[in-house]
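Structural data, given as structure tokens:
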């Protein structure tokens, strides 16, 4: 018997409508499919989140990406019930948080959920160690113990030795790490991160992304990460949800988002994204049987090989080093497909390989695919 994993976070059909007539507006939207503009005109209500459903699995980083005003931060604030939904269910570790009393919800926030914001709001009169230990102090943990925990958290974010400094003596990036250490000090199951690096210079931002990924790999915290930067979402997220006007337009892995944009809005976002380290060999290969049927004289076992999970950059390196026009793609020790130099170049461009025997590779076939043989 297999044991089903309980998601760290699960949102089911979450709605948030702001206004005195939110219930009437919600009913009207459901029954008459009112637009956001019509809802505001008729009921004086603003739709912040519309029928949002997603899951964050234990240990994964789930990014919600969208422009300013898309509803991403509003949706995140439902997870620790800083905002109550108009409708829908929000589960944290399988617990319906809307059913919790205020006391139990405060306990859940303090023990199970850590938050990191763009503005760290560090207490300027307290040193770094006391800022990190502040939440533990509120929980009445003895000073010696909370300082020990705070120093361990500072070590995790590469700030050992800075505990006695005041926040004003730290750079912006260092202050951001203090905020992360503060969230980690309570050893939460879940991290909620609302654009934590967006105010930083590009180089510092990338360094903190690297450190966060290293930390995440080590600690295995379930993370909901909010960003307006698709490059950041793709670099950090195991899964990405793209949000527009309160609606989750598309949810998938970074590779799925880039290779299968759900609509023109998503396609515009991913148009400039480099695919070299994102798209894998399986997405640009021809199935082995179809390739062999088209090229019966080609012995696939003689081709250089890559794994189906190797990225396009690996394919470029291999084809350049051995001057190969074709590479076999293996899956579980067997040849599953073939990447040609042409299909590789099209993959770098963000285009699917041309059809072979009337059918494009399943991984890149979309409703909009009109390429013919």
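In our numbering, the protein residues as written are 5 to 377.
We treat Cβ as the ideally placed atom computed from N, Cα and C, and that holds for glycine.
Reduced DSSP secondary structure (H/G/I, E/B, other) of residue i
i, result
"residue 80", "helix"
"residue 53", "strand"
"residue 19", "strand"
"residue 10", "coil"
"residue 38", "coil"
"residue 143", "coil"
"residue 283", "coil"
"residue 93", "strand"
"residue 277", "coil"
"residue 100", "strand"
"residue 149", "helix"
"residue 353", "helix"
"residue 259", "helix"
"residue 237", "helix"
"residue 306", "helix"
"residue 24", "coil"
"residue 358", "coil"
"residue 88", "coil"
"residue 214", "helix"
"residue 30", "helix"
"residue 329", "coil"
"residue 347", "helix"
"residue 112", "helix"
"residue 135", "helix"
"residue 321", "helix"
"residue 266", "coil"
"residue 64", "coil"
"residue 376", "For residue 376, the predicted structure reports a pLDDT of 28, less than 50, and the residue's modelled location is therefore unreliable. The matter cannot be settled from this model."
"residue 125", "coil"
"residue 105", "coil"
"residue 298", "helix"
Cβ-Cβ distance between residue i and residue j below 7 Å
i, j, result
"residue 91", "residue 19", "yes"
"residue 74", "residue 15", "no"
"residue 96", "residue 230", "no"
"residue 167", "residue 132", "yes"
"residue 351", "residue 283", "yes"
"residue 246", "residue 69", "yes"
"residue 312", "residue 342", "no"
"residue 136", "residue 157", "yes"
"residue 52", "residue 78", "yes"
"residue 200", "residue 171", "no"
"residue 163", "residue 80", "no"
"residue 33", "residue 49", "no"
"residue 150", "residue 142", "no"
"residue 192", "residue 117", "yes"
"residue 228", "residue 66", "yes"
"residue 47", "residue 25", "yes"
"residue 237", "residue 122", "no"
"residue 292", "residue 340", "yes"
"residue 411", "residue 263", "The first residue shown for the chain is 5 and the last is 377, placing residue 411 beyond what the model contains."
"residue 266", "residue 253", "yes"
"residue 126", "residue 161", "no"
"residue 30", "residue 55", "no"
"residue 85", "residue 124", "no"
"residue 330", "residue 344", "yes"
Identity of the residues DSSP links to residue i by a beta bridge
i, result
"residue 69", "231, 246"
"residue 335", "338"
"residue 290", "342"
"residue 226", "194"
"residue 254", "246"
"residue 311", "334"
"residue 119", "196"
"residue 59", "14"
Whole-Å CB distance - residue i paired with residue j, under 8 Å assumed
i, j, result
"residue 3", "residue 9", "Missing from the structure shown is residue 3; the chain here goes from 5 to 377 and no further."
"residue 243", "residue 64", "7 Å"
"residue 186", "residue 213", "No, residue 186 and residue 213 are not in contact; Cβ-Cβ is about 19 Å, not under 8 Å."
"residue 316", "residue 348", "7 Å"
"residue 249", "residue 40", "6 Å"
"residue 60", "residue 226", "6 Å"
"residue 114", "residue 221", "Actually they do not touch by this definition, with Cβ atoms about 26 Å apart."
"residue 285", "residue 314", "5 Å"
"residue 357", "residue 290", "6 Å"
"residue 235", "residue 277", "7 Å"
Length-filtered (4 minimum) alpha helix (DSSP H) runs lying within the region 154-211 = Here the runs fully enclosed are 176-189.
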